[in-house]
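Numbering (UniProt numbering), first residue to last: 1 to 185. Just so it is clear, CB atoms sit at the ideal spot from N, CA and C, and this is done for glycine as well. What follows is a single structure, written as structure tokens, with notes after it.
Structure follows, in structure tokens:
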């Protein structure tokens, strides 16, 4: 209430109040181990491996990869946190694989088929698609919007990640870096 009361006082001009300048956050930096087993210790190999992880494991399709002389830059955008709960996903896949091995072939053959509908679902799905498309146009912030740079620092190769302005929070960038650390060991 007290802060609201000051807004009605005429001697304080809030339109010309000084702006609070926030210092730019420091980028997240991780030096890669030379003895990593996932790929070769070369910038191109690491860049291709990260591109493969983004496309296949994380299903992130909104990224740009720019190859320069001595570094590779990624601009990554995502609205889904596919990098979370990796242990749970691996456990679920393992259980699914074990249960599939136990099933008989007859169970696959005797499964019931879904009846065809008259097309009402397709109209509903088109409406849902147009609604989500409009939401994407209106909402310009992403759950994750960051830059990832793979470059050489003297003899070492490092990954440098920085959160962009359109991102909702910095924790998703940190979580993605942790995901890459786990995969690149």
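### Query
Taking the alpha-carbon positions, what's the residue 92 to residue 47 distance?
C-alpha separation (whole angstroms): 29 angstroms.
#### Entry: Residues bridged to residue 147 (per DSSP)
DSSP lists 75, 162 as the beta-bridge partner residues of residue 147.
#### Entry: Straight-line Cα distance separating residue 49 from residue 36
Rounded to the nearest angstrom, the two C-alpha atoms are 12 angstroms apart.
### Task
Please list, in chain order, all residues of the same chain as residue 167 whose beta carbon is under 8 angstroms from its beta carbon, the five residues on each side excluded.
Excluding sequence neighbours, residue 167 sits near 141, 142, 143, 144, 145, 146, 173.
### Query
How many angstroms separate the CA atom of residue 71 from the CA atom of residue 97?
Straight-line spacing of the CA atoms in residue 71 and residue 97 works out to 39 angstroms.
### Query
Could you check where the alpha helix (DSSP H) with residue 168 kicks off and where it finishes?
Under the DSSP assignment, residue 168 falls outside any alpha helix (DSSP H); it carries neither an H nor an E label.
### Query
Nearest to residue 163 by alpha carbon, out of 155, 156, 153, 176?
Distance check between residue 163 and each of 155, 156, 153, 176 places 176 closest, using alpha-carbon atoms only.
### Message
If I follow the unbroken beta strand (DSSP E) through residue 31, where does it start and stop?
### Response
First-last of the beta strand (DSSP E) with residue 31: 28-31.
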